[in-house]
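Novice: For what it's worth, our numbering labels the leading residue of the first sequence as 861, then goes sequentially. We put the CB at the ideal spot given by N, CA and C, even for glycine. Here you go, one structure.
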Amino acid sequence: MLRHTFLHIPGVGPKTEQSLWAAGLTDWASFDDGLPLKLTPAKKNRIATELHESQRQLTAMNANYFASRLPAGQHWRLFNEFRDQAAYLDIETTGLEADCTISTIAVYDGSAMTTYVNGQNLDDFADDIQRYKLLVTYNGKCFDVPVIERVLGCRLDHAHIDLRYVLAGLGFKGGLKRCETQMGLSRGDLADVDGLFAVVLWNVYLRNNDERALETLLAYNLQDVINLEMIMVSAYNLALGRSPMAGATKLPIPRIPRNPHRVDRPTVSRYQGEVTFLRSLQPKW
DNA sequence: ATGTCAAGTTCCGTCGCTCT
DNA sequence: AGAGCGACGGAACTTGACAT
861 MLRHTFLHIP GVGPKTEQSL WAAGLTDWAS FDDGLPLKLT PAKKNRIATE LHESQRQLTA
921 MNANYFASRL PAGQHWRLFN EFRDQAAYLD IETTGLEADC TISTIAVYDG SAMTTYVNGQ
981 NLDDFADDIQ RYKLLVTYNG KCFDVPVIER VLGCRLDHAH IDLRYVLAGL GFKGGLKRCE
1041 TQMGLSRGDL ADVDGLFAVV LWNVYLRNND ERALETLLAY NLQDVINLEM IMVSAYNLAL
1101 GRSPMAGATK LPIPRIPRNP HRVDRPTVSR YQGEVTFLRS LQPKW
């Protein structure tokens, strides 16, 4: 979809892009300043120059060039071109307070899955994530990335598709879990585990050295990133279908890989009451 | 060459959302 | 609590078409 995009060009907004598409100018290669467009020669010239630069940046696989020029709700357009270098990312923390710390991080790249645990291998994350050019998260621009940068003291200046804004643009709102339900994704054994439960599981692990709690937490954290790939592909196909490029090839829905971590249901049942109690104490901002 | 107008873009401030 | 963004409305600015 990136090669059909003109929105990243300064001076080109949604209206101009729509009118370019309507004139049959649907990709960079078909742009020809001899076309009968309602644009001045100066503007045609500027667009041609910008497209030449865009082609150069795409050849160099510079995802950030496009991410920084597109609004967050349109970052899905990068996905097909940079999918091979994408990491689906999610963190769990000790809460939402300004001084909270990270308990675990899960990363999935479409084949490899990695988890990072505070007190074990958390410090490996900062180096490992540099292997990727594109991050895919849900609300990661506001939460995951700022928290990682504060806690680990590193910079994550990757191109970043934050599905929160992409999904909102497609009409899916109300948080990740609700979006998953709306898109027909089921969580199975993890249906009643959420972010607050993850906080409790981490505390149980620390308090009792309970490996089942940690295992359940990792299962939850990893399932989030596994689902992110499915949601990303579905969102890409939906957004493409609503664009004038609706006839373009849709991406196949990826198969869901097996989660190597297992939910311990007795642990979930045991702490459900504690989570319900904590939820009742949660301030309504 | 100059003035006017419309359309499109950009910028600013405010508010609500979402994450654990 | 705090971050980044979209939505929204309003204002300023740019650009191009057209008339004088």
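1) So for A920, helix, strand or coil by DSSP?
2) Could you compute how far the alpha carbon of R1102 sits from the alpha carbon of P874?
3) Determine the extent of the beta strand (DSSP E) in which Y992 is found, giving its start and end residues.
4) In whole angstroms, what is the alpha-carbon distance linking F1057 and D988?
5) Between which two residues does the beta strand (DSSP E) containing I1021 stretch?
6) Have a look at A986, R1115, F1137 and flag the residue whose alpha-carbon is nearest the alpha-carbon of S1094.
7) To which residues does DSSP link I965 through a beta bridge?
8) Can you list, in chain order, the residues of its chain with a C-beta nearer than 6 angstroms to that of V1011? Leave out the 5 residues immediately preceding and following it.
9) Using the three-state DSSP reduction, which class does T1058 fall into: helix, strand or coil?
10) Please go through the same chain and pick out, in chain order, the residues whose beta-carbon is closer than 8 angstroms to the beta-carbon of L956, but skip the five residues on each side of it.
11) Which one or two residues does DSSP pair with A946 in a beta bridge?
12) In terms of alpha-carbon separation, which member of A927, P931, P1006, H1121 lies closest to F942?
13) Find the nearest neighbour of Y1025 within the set Y992, P931, R863, judged by alpha-carbon distance.
14) Would you kindly work out how many angstroms separate the C-alpha atoms of Y948 and A882, rounded to a whole number?
15) Of all the options D1049, W888, G1107, Q1142, which has the alpha carbon lying nearest to the alpha carbon of D1124?
16) Mapping DSSP to helix, strand and coil, what is K875?
17) Please state whether the Cβ-Cβ distance between L938 and A923 is less than 7 angstroms.
18) To the nearest angstrom, how far is the alpha carbon of P1120 from that of A1079?
19) Here's the rule I'm using: 16 or more other beta-carbon atoms within 10 Å means buried, otherwise exposed. How should L1141 be labelled?
20) Work out the CA separation of Y925 and S879 for me, nearest whole Å.
21) For T886, I'd like the list of residues in its chain whose CB is within less than 6 angstroms of its CB, leaving aside the five on either flank, ordered along the chain.
22) Could you give the distance in angstroms between the alpha-carbon of I1008 and the alpha-carbon of L1023?
23) In terms of residue numbering, what span does the alpha helix (DSSP H) encompassing N981 cover?
24) CB A908 to CB N1081, shorter than 7 angstroms?
25) Mapping DSSP to helix, strand and coil, what is P1104?
26) Quick one: grab the DSSP three-state call for I907.
27) Could you compute how far the alpha carbon of R1015 sits from the alpha carbon of Q917?
28) Going by C-alpha to C-alpha distance, which of P1006, V1060, F985 sits closest to M973?
Specialist: Put simply:
1) Collapsing the DSSP output to three states places A920 in coil.
2) Whole-angstrom Cα-Cα distance: 14 angstroms.
3) Secondary structure note for Y992: it is in no beta strand (DSSP E), with a DSSP letter that is neither H nor E.
4) Straight-line Cα distance between these residues: approximately 27 angstroms.
5) 1019-1022
6) R1115
7) I951, Y976
8) T961, I962
9) According to the sequence shown, residue 1058 is Ala rather than Thr. In the structure shown, A1058 sits in a helix (DSSP, three-state: H, G or I).
10) none
11) L994
12) A927
13) It is P931.
14) 35 angstroms
15) Ranking the options by Cα distance to D1124, first place goes to D1049.
16) helix
17) yes
18) 7 angstroms
19) With fewer than 16 other CB atoms across the displayed protein chains lying within 10 angstroms of its CB, L1141 is exposed.
20) 24 angstroms
21) Within the same chain, T886 has close Cβ partners H864.
22) 18 angstroms
23) Element bounds for N981: n/a, residue is neither H nor E.
24) no
25) coil
26) The answer is helix: DSSP assigns I907 an H, G or I state.
27) 22 angstroms
28) F985
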